[in-house]
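Data block below; observations after.
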Amino acid sequence: MTATQQTQQLLDFIDASPSPWHVVSRIETQLADFQFIKLNEAEKWALQAEGRYYVVRDDSSIIVFVVGQKPLVETGFKLIGAHTDSPGLRIKPNAATAMDGLLRLGVEVYGGPILATFADRDLSLAGRISYKDEQGKLASRLIQCDKPLLRLPNLAIHMNRTVNEDGLKLHKQQELPLILTRLTEQQLPTAYFSDWLQQQTNMEAERILSWDLAVYDTQKGVFWGADNEFYANSQLDNLASCHAALSALLDDEVLQSDSTLVCAFFDHEEIGSESHKGADGSFLADTLERIAFATQTNAEDYLRTLAKSFMISADMAHAYQPSFPLAYDPEHKVMVNQGPVIKVNANQRYSTSSGSEALFSLCCELAGVPYQRYSHRNDLACGSTIGPMASSRLGIHCVDVGNPLWAMHSIRESAGVWDHHYMIKAMSQFFTQ
Numbered sequence: 000m001t002a003t004q005q006t007q008q009l010l011d012f013i014d015a016s017p018s019p020w021h022v023v024s025r026i027e028t029q030l031a032d033f034q035f036i037k038l039n040e041a042e043k044w045a046l047q048a049e050g051r052y053y054v055v056r057d058d059s060s061i062i063v064f065v066v067g068q069k070p071l072v073e074t075g076f077k078l079i080g081a082h083t084d085s086p087g088l089r090i091k092p093n094a095a096t097a098m099d100g101l102l103r104l105g106v107e108v109y110g111g112p113i114l115a116t117f118a119d120r121d122l123s124l125a126g127r128i129s130y131k132d133e134q135g136k137l138a139s140r141l142i143q144c145d146k147p148l149l150r151l152p153n154l155a156i157h158m159n160r161t162v163n164e165d166g167l168k169l170h171k172q173q174e175l176p177l178i179l180t181r182l183t184e185q186q187l188p189t190a191y192f193s194d195w196l197q198q199q200t201n202m203e204a205e206r207i208l209s210w211d212l213a214v215y216d217t218q219k220g221v222f223w224g225a226d227n228e229f230y231a232n233s234q235l236d237n238l239a240s241c242h243a244a245l246s247a248l249l250d251d252e253v254l255q256s257d258s259t260l261v262c263a264f265f266d267h268e269e270i271g272s273e274s275h276k277g278a279d280g281s282f283l284a285d286t287l288e289r290i291a292f293a294t295q296t297n298a299e300d301y302l303r304t305l306a307k308s309f310m311i312s313a314d315m316a317h318a319y320q321p322s323f324p325l326a327y328d329p330e331h332k333v334m335v336n337q338g339p340v341i342k343v344n345a346n347q348r349y350s351t352s353s354g355s356e357a358l359f360s361l362c363c364e365l366a367g368v369p370y371q372r373y374s375h376r377n378d379l380a381c382g383s384t385i386g387p388m389a390s391s392r393l394g395i396h397c398v399d400v401g402n403p404l405w406a407m408h409s410i411r412e413s414a415g416v417w418d419h420h421y422m423i424k425a426m427s428q429f430f431t432q
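No gaps in the numbering here: position 241 of the sequence shown is 240 in numbering that gives the first Met the number 0, and each next residue is one more.
So, in structure tokens, the structure goes:
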């Protein structure tokens, strides 16, 4: 498959995944094509050698694994971790309010988005609702409005004369509510929004108990550049890494591995991962331990297995943007379309050590893939990933890598077509070597 075809698949994946709940649903659909079996955490697991399985926790975190042909204690786990969530805006519980005849929806800031990039975009809503089914039991389902529904109009420059000098600054409480519609005097905002939910779900409003609704950009992903060598979309951080890892796993040669292969995609990374389904929770450790027990691996051999295991923490990296040279360490500029980036931080904001760096470097070399190294400026705060927390919880070696990305945490991010291809090749090499 060509680099362009792989990137088109990524854009399609993102366009079909406007929220973390949709991401997991989309992944489940792909896994069904490869005969993966869904496991229930509340039930006993019976696993077979070479079996293909996955488990979902709370609809937005998923762990996919293939049981290797050899015992765990001989090979260890080969893991790739990424996250399903992206920074943005979430709808508040009592969201609908009226002001001067306009119905607006109140939002809460999720993670660290570049808020100014949400202005003047064709926004809509996607997520899940929780409701009472016809038997009165609790259930949940996805919801997505495809059309542009909401907007955050900018203030005209005539009323904000210094915006080009000072930048667009939005008050998180007062200026972020999104315009939904114009109300008549007889309409009440809460009733209007309730009716809208009822129309979207074909469900009586009184059955809808709660929701998780994310604001998303309805513009589809595109290729750009003189030779279509770049691509742009929302949520590249970090759905590009999820897609690359899944693409590497769902390869006929990879699926025949001697080792047990694991892809773990977590929600809540952008807000610290401290939840029952986040990378700092028990989900991954619980799953690995249950794989061990279900394959007759005793407690001591499970610890031996972890000692032989290795994890790639995949999250996007800061690509060099020549308009802002002072934002980068001059010796660590990573360029778009020049290969995956190994991220290093002495204070363990990234989990990379010299040993884990060497292993991923070797994977790239064997796969014929260029690679780069990144270190953050000393005078800027460095972000982090799931790598340090997952590695410390499990006691396994880990490396932090990612593809170069422009405008990280913007509603519209950009990256390189060749880098996505390179990352898939490097991850495939890791799984098979």
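All residues carry an ideal CB built from backbone N, CA and C; glycine is no exception.
Nothing here was measured: the structure is a model prediction, and the numbers come from that model.
Please list the terminal residues of the continuous alpha helix (DSSP H) segment that includes Glu364.
Judged by DSSP secondary structure, Glu364 falls within the alpha helix (DSSP H) whose first and last residues are 353 to 366.
Residues bridged to Met334 by DSSP?
None, per the DSSP bridge assignment.
Verify whether the separation of the beta carbon atoms of Leu124 and Ser24 is less than 9 Å.
For the pair Leu124 and Ser24, the CB atoms are not nearer than the 9 Å cut-off.
Is the number of C-beta pairs between the segment 320 to 334 and the segment 350 to 367 that are closer than 8 Å three or more?
The count of Cβ pairs closer than 8 Å, one atom from the segment 320 to 334 and one from the segment 350 to 367, stays below three, leaving the stretches out of contact.
Look up Gly386 in the DSSP assignment and say whether it is helix, strand or coil.
The answer is helix: DSSP assigns Gly386 an H, G or I state.
Does DSSP put Pro112 in a helix, in a strand, or in coil?
Three-state result, Pro112: coil.
Taking the beta strand (DSSP E) that Thr180 falls in, what are its first and last residues?
Here the beta strand (DSSP E) through Thr180 covers 177 to 181.
Contacts around Leu149, its chain only, beta-carbon distance under 8 Å, and the 5 residues preceding and following it disregarded
Excluding its 5 nearest sequence neighbours in each direction, Leu149 has C-beta neighbours in its own chain below 8 Å: Leu104, Leu122, Ser123, Leu124, Leu177, Ile178, Leu179, Val214, listed in chain order.
Pick helix, strand or coil for Cys241, following the three-state DSSP scheme.
Cys241: helix per DSSP, three-state reduction.
Under a Cβ-count criterion, where at least 16 other Cβ atoms within 10 Å of its own Cβ denotes burial, should Arg160 be classed as buried or exposed?
By the 16-neighbour rule on beta-carbons within 10 angstroms, Arg160 is exposed.
Classification of Asn346 by the beta-carbon crowding that lies within 10 angstroms, buried from 16 upward
Exposed is the label assigned to Asn346, since fewer than 16 other Cβ atoms lie within 10 Å of its Cβ.
Do the CB positions of Val162 and Phe430 come within less than 9 Å of each other?
No, the pair does not count as a contact, with Cβ atoms beyond the cut-off.
Which residues mark the beginning and the end of the beta strand (DSSP E) in which Thr96 is found?
Thr96 -> beta strand (DSSP E) spans 87 to 98.
Taking contact to mean at least 3 C-beta pairs separated by less than 8 Å, is the segment 360 to 372 in contact with the segment 338 to 345?
Yes, they touch.
When you compare the CB positions of Thr286 and Leu71, do they come within less than 9 Å of one another, or not?
Their beta carbons are not under 9 Å apart, which means Thr286 does not touch Leu71 by this criterion.
Taking its Cβ as the centre, do 16 or more other Cβ atoms sit within 10 Å of Glu299, making it buried, or is it exposed?
Classification for Glu299: exposed.
Could you name the residues of the same chain whose beta carbon sits closer than 7 Å to that of Thr304, not counting the 5 residues immediately before and after it, in chain order?
Within the same chain, Thr304 has close Cβ partners Leu71, Val72, Gly75, Phe76, Ala291, Thr296.
Just confirm the distance between the C-beta atoms of Ala204 and Asp194, as a whole number of angstroms; I'd bet it's less than 8 Å.
Right, their Cβ atoms sit about 7 Å apart.
Evaluate contact between the segment 45 to 55 and the segment 87 to 107, counting only Cβ atoms and requiring at least three cross-stretch pairs below 8 Å.
With contact defined as three or more Cβ pairs closer than 8 Å, the segment 45 to 55 and the segment 87 to 107 are not in contact.
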